[in-house]
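Have a look at the structure below before the remarks.
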Amino acid sequence: MRAVNPMIALGAIALISMTEVGMASSLLLPSAAQLAGRWQLYPQPRPAEGCALRLEAEQGTLDGDLACAQALLGLRPGSWLVTPDTLALVGADGSTVVHFSRQQVDRYTGTVPGGEVLVLERLDNN
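Have a look at this one:
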């Protein structure tokens, strides 16, 4: 059996630890209170065709131009929620309409069943 160089073993352990911490922190999603506020939902890359939405922290209430959102999503959203790795818009029947993945701070993208990419972008900080 071949002996392992202790310095290489220690370096490998440090690298694995840093990778795990980096991956875990990249999956952190803000709380509902942090995401609450005014947002715009629009088809990429056409922000002029967007809908103004307001995400309320309490009970995941969703307000704004829901008819416009329905036209983009194919189903009228009734609420929203934070999942471990996405922000989801939910229909009145409780089914998930679309999951939005975080692209950068205050900007999320999701794909509707027809294949169109939608952007959900913060307009303000509440």
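All residue numbers for the sequence shown refer to full-length UniProt numbering, where the first residue is 1 and numbers rise by one. From the three backbone atoms N, C-alpha and C, an ideal C-beta is built for every residue, glycine too. Quick caveat: nothing in here was measured; it's all calculated off a predicted structure.
Take the Cβ of residue i as the centre, count every other Cβ of all protein chains shown within 10 Å, and call the residue buried at 16 or more, exposed below.
i	result
residue 127	Lying outside 1 to 126, the shown extent of the chain, residue 127 is not represented and no answer is given.
Pro-47	exposed
Leu-41	buried
Pro-84	exposed
Leu-89	buried
Pro-77	buried
Gly-110	buried
Val-119	buried
Identify, in the order they occur along the chain, each residue of the same chain with its Cβ nearer than 6 Å to the Cβ of residue i, setting aside the five sequence neighbours on each side.
i	result
Gly-64	Ala-52, Leu-53, Arg-54
Cys-68	Cys-51
Leu-87	Phe-100, Tyr-108
Leu-38	Note that residue 38 is Arg in the sequence shown here, rather than Leu. For Arg-38, where only same-chain residues beyond five positions count, the Cβ hits under 6 Å are Arg-54, Leu-123, Asp-124.
Rounded to the nearest angstrom, what separates residue i and residue j at their Cα positions?
i	j	result
Gly-114	Gln-59	29 Å
residue 127	Glu-121	Shown here, the chain extends from 1 to 126; a query on residue 127 therefore has no answer.
Val-82	Ala-32	6 Å
Ser-79	Ala-71	16 Å
Pro-43	Val-112	10 Å
Leu-73	Pro-30	23 Å
Leu-93	Glu-49	Residue 93 is actually Asp in this sequence, not Leu. Their Cα atoms are separated by approximately 26 Å.
Gln-34	Pro-45	26 Å
Can you list, in chain order, the residues of its chain whose CB lies under 8 Å from that of residue i, leaving out five sequence neighbours each side?
i	result
Glu-56	Ala-36, Leu-62, Asp-63
Gly-91	Leu-75, Arg-76, Pro-77, Gly-78, Val-97
Just checking: is the beta-carbon of residue i within a distance shorter than 8 Å of some beta-carbon in chain D?
i	result
Val-98	The structure shown contains no chain D; it holds only a single protein chain.
Report all residues from its chain with a CB closer than 7 Å to the CB of residue i; omit the five preceding and five following residues, and keep chain order.
i	result
Gln-103	Thr-109
Leu-66	Arg-76, Pro-77
In chain order, which alpha helix (DSSP H) runs of at least 4 residues are fully inside the segment 71-97? none
Could you give the uninterrupted runs of the beta strand (DSSP E) lying entirely in the segment 29-76, keeping only those of 3 residues or more? 37-43, 51-55, 62-64
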